[in-house]
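Heads up, the thing below is written out as structure tokens.
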Amino acid sequence: MNDTPSNIRKLEKYRRMQRIRQFEDLAESIHAQGEIPGALHTYAGMEASGVGSCMALRGDDYMVGNHRSHGHPIAKGAAMRPLMAELLGKASGVCKGKGGSMHLSDFSIGSLGETSIVGSGVPVAAGAALGAKLKKTGQVALCFFGDGATSEGAAHEGMNLAAAWCLPAVFVCENNLYGMSTPVGDAVPVKDLADRAKAYAMKAIIVDGQDVDAVEQAVTEAVDHARSGKGPVFVETKTYRYGDHAVNMGRNLTPRQGEEEHWRSRDPLVLYRQRLEEEGVDPAVLDTIESETADEVADAIQYARGAAYPEAEEAFDDVFTDRLPIPDHLTA
Ligand SMILES: Cc1ncc(C[n+]2csc(CCOP(=O)(O)OP(=O)(O)O)c2C)c(N)n1
Ligand SMILES: [Mg+2]
1 MNDTPSNIRK LEKYRRMQRI RQFEDLAESI HAQGEIPGAL HTYAGMEASG
51 VGSCMALRGD DYMVGNHRSH GHPIAKGAAM RPLMAELLGK ASGVCKGKGG
101 SMHLSDFSIG SLGETSIVGS GVPVAAGAAL GAKLKKTGQV ALCFFGDGAT
151 SEGAAHEGMN LAAAWCLPAV FVCENNLYGM STPVGDAVPV KDLADRAKAY
201 AMKAIIVDGQ DVDAVEQAVT EAVDHARSGK GPVFVETKTY RYGDHAVNMG
251 RNLTPRQGEE EHWRSRDPLV LYRQRLEEEG VDPAVLDTIE SETADEVADA
301 IQYARGAAYP EAEEAFDDVF TDRLPIPDHL TA
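Given below as structure tokens:
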């Protein structure tokens, strides 16, 4: 395999998927030891969906996540040290230790944030897309949300407005078959969630969420559409989460017979490694990416463990906005 830009890009996709998997595996194990406060929703199994999507974005494009969003900033190129420090509640975390696992944001990579309120990211992304349109910056806002979120009012309102105002937004619905313990088929009357986009006259694409190249291609098409002023796009990535809804929260439901085995046989990292080897990548190159990633993740946790907690006096800093100035014409 030559060092062409396309080949370098492929190795970068493999590296980012490895980073997410190894970050999540470590986070899960240290959560079990009580080192991470609060709930922890891991992204293991869904790496191709996040990495393929983010590789289609420009550096200055916006991204909005949900409660399962450690993988999204890593997919967009975020450093792991401040991310891990945030999970441990440390002052050098991306949100100074006050956000934690479910409230990460990192403006340096365009990550406007994630929240635990299901569906709430959709109107935020629509708002960011509206800002980009009004300011003519050429940016796109991409929102990640789950199958469960498609039934939330906020998600419908955000998508409706984005379509009505022809905003440069891309809505990536990561259909991992469950909302907590509820199978998607028990909660939604359509087989493909992309069908819901018809209600907004919105372009929709369905893609194999285990195939990082296919996701990148689909989201690139969506981003090009949105950026060129043709309006928002709904992309459904068909994927699967390996873990419980959240670590130690219990699955509450036995996955259907053979379901987990089926998805594990289509693990996004294994599939991609196979493809790269078939295309002529030396397995030693991939081994090196894996071991370098292991070192990076070990460095991130060592850094986070050694970092200080925020001071008690800082508890209310950055929590409330300063009062906005009243425009002159209202006080005159
Ligand atoms: C508005 C709202 N309703 C319910 C919940 C409780 N809740 C947290 S995660 C979740 C399931 C979300 O499922 P999905 O959108 O498919 O995302 P996934 O966890 O599968 O990634 C629910 C119902 C919540 N946090 N917010
Ligand atoms: Mg889901």
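Mind the numbering: the sequence shown is residues 1 to 332 in the UniProt record's numbering, read in order.
We put the beta carbon where it would ideally sit given N, CA and C, even for glycine.
This structure is a prediction, so every number in the text was calculated from the model and none was measured.
8 angstroms contact criterion, which residue i and residue j should meet: CB distance rounded
| i | j | result |
| --- | --- | --- |
| K76 | S111 | 6 angstroms |
| V170 | V140 | 6 angstroms |
| residue 336 | V223 | Limits of the chain in this structure are 1 at one end and 332 at the other, which puts residue 336 out of reach. |
| L177 | L130 | About 32 angstroms; that fails the 8 angstroms criterion. |
| K13 | V212 | 5 angstroms |
| G52 | Y240 | G52 to Y240, Cβ: 15 angstroms. No contact. |
| L142 | Y62 | 7 angstroms |
| G243 | E86 | With a Cβ gap of about 20 angstroms, G243 and E86 do not count as contacting. |
| R19 | T293 | 5 angstroms |
| G231 | M202 | 7 angstroms |
| D106 | A126 | Incorrect: roughly 20 angstroms between the Cβ atoms, too far for contact. |
Residue i: CB within 6 angstroms of a non-hydrogen atom of ligand 1
| i | result |
| --- | --- |
| G89 | no |
| A149 | yes |
| G146 | yes |
| R68 | yes |
| N7 | no |
| G179 | yes |
| Y215 | What sits at residue 215 in the sequence shown is Val, not Tyr. Checking every heavy atom of ligand 1 against the Cβ of V215, none is found closer than 6 angstroms. |
| V124 | no |
| I117 | yes |
Residue i, buried or exposed, once every other Cβ within 10 Å from all chains shown has been counted against 16
| i | result |
| --- | --- |
| G158 | buried |
| Q210 | buried |
| residue 416 | Residue coverage of the chain in this structure runs from 1 to 332, which leaves residue 416 outside it and unanswerable. |
| A284 | exposed |
| S101 | buried |
| T288 | exposed |
| G229 | exposed |
| T42 | buried |
| Y272 | buried |
| Y309 | exposed |
| N248 | exposed |
| H31 | buried |
| K238 | buried |
| residue 339 | As shown, the chain starts at 1 and ends at 332. That puts residue 339 outside it, with no answer to give. |
| D3 | exposed |
| R16 | buried |
| A128 | buried |
| G99 | buried |
| K191 | exposed |
| residue 333 | With the chain running from 1 to 332 in the structure shown, residue 333 is simply not present. |
| A218 | buried |
Spatial neighbours of residue i in its chain, beta-carbon cut-off 7 angstroms, leaving aside the 5 residues before and after
| i | result |
| --- | --- |
| A155 | G119, V122, F145 and A149 |
| V124 | V64 and L112 |
| D60 | G110 and Q139 |
| E35 | L88 |
| K133 | L167 and P168 |
| S92 | P82, A85 and A307 |
| M1 | N7, E279, G280 and V281 |
| R227 | G138, V140 and P168 |
| L193 | D147, T150, C173, N175 and E236 |
| K10 | L276 |
| V215 | A48, S49, G52, S53, V207, G209 and T237 |
Heavy atom of ligand 2 within 6 angstroms of residue i beta-carbon
| i | result |
| --- | --- |
| G258 | no |
| N248 | no |
| N176 | yes |
Contacts around residue i, its chain only, beta-carbon distance under 6 angstroms, and the 5 residues preceding and following it disregarded
| i | result |
| --- | --- |
| R81 | A300 and Y303 |
| V297 | Q22, F23 and L26 |
| L286 | R273 |
| V184 | D147 and L177 |
| A204 | A194, A197 and F234 |
| Y200 | M159, N160 and A163 |
| S116 | H67 and M102 |
| E290 | Q18 |
Residue i: CB within 6 angstroms of a non-hydrogen atom of ligand 3
| i | result |
| --- | --- |
| V140 | Because ligand 3 does not appear in the structure shown, any question about it cannot be addressed here, the ligands present being ligand 1 and ligand 2. |
Contacting residues, own chain, Cβ-Cβ under 8 angstroms from residue i (five flanking each side not counted)
| i | result |
| --- | --- |
| L104 | G65, S69, H70, P73, L83, E86, V94, C95, S111, G113 and E114 |
| D317 | K96 |
| D267 | G45 and Q210 |
| H225 | K203, G231 and V233 |
| K90 | G97, A304, A307, A308, Y309 and P310 |
Next on the checklist: As an exercise, report each continuous alpha helix (DSSP H) stretch of at least 4 residues that is fully enclosed by the stretch 256-299, in chain order.
Outcome noted: Listed in chain order, the complete alpha helix (DSSP H) runs (minimum 4 residues) inside the stretch 256-299 are 259-264 and 268-278.
Checklist entry - Mind pulling the alpha helix (DSSP H) runs of 4 or more residues that sit fully within the stretch 6-78? => result Qualifying alpha helix (DSSP H) stretches, in chain order: 47-55 and 71-75.
Item to check | Completely contained beta strand (DSSP E) runs for the stretch 82-150, where each covers 3 or more residues | outcome: Counting whole runs of 3 or more residues, the stretch 82-150 contains the beta strand (DSSP E) stretches 111-113 and 141-146.
Checklist entry - If you scan the stretch 172-247 from start to end, which runs of the alpha helix (DSSP H) of 4 or more residues do you find wholly inside it? => result Whole alpha helix (DSSP H) segments, 4+ residues: 184-187 and 212-227.
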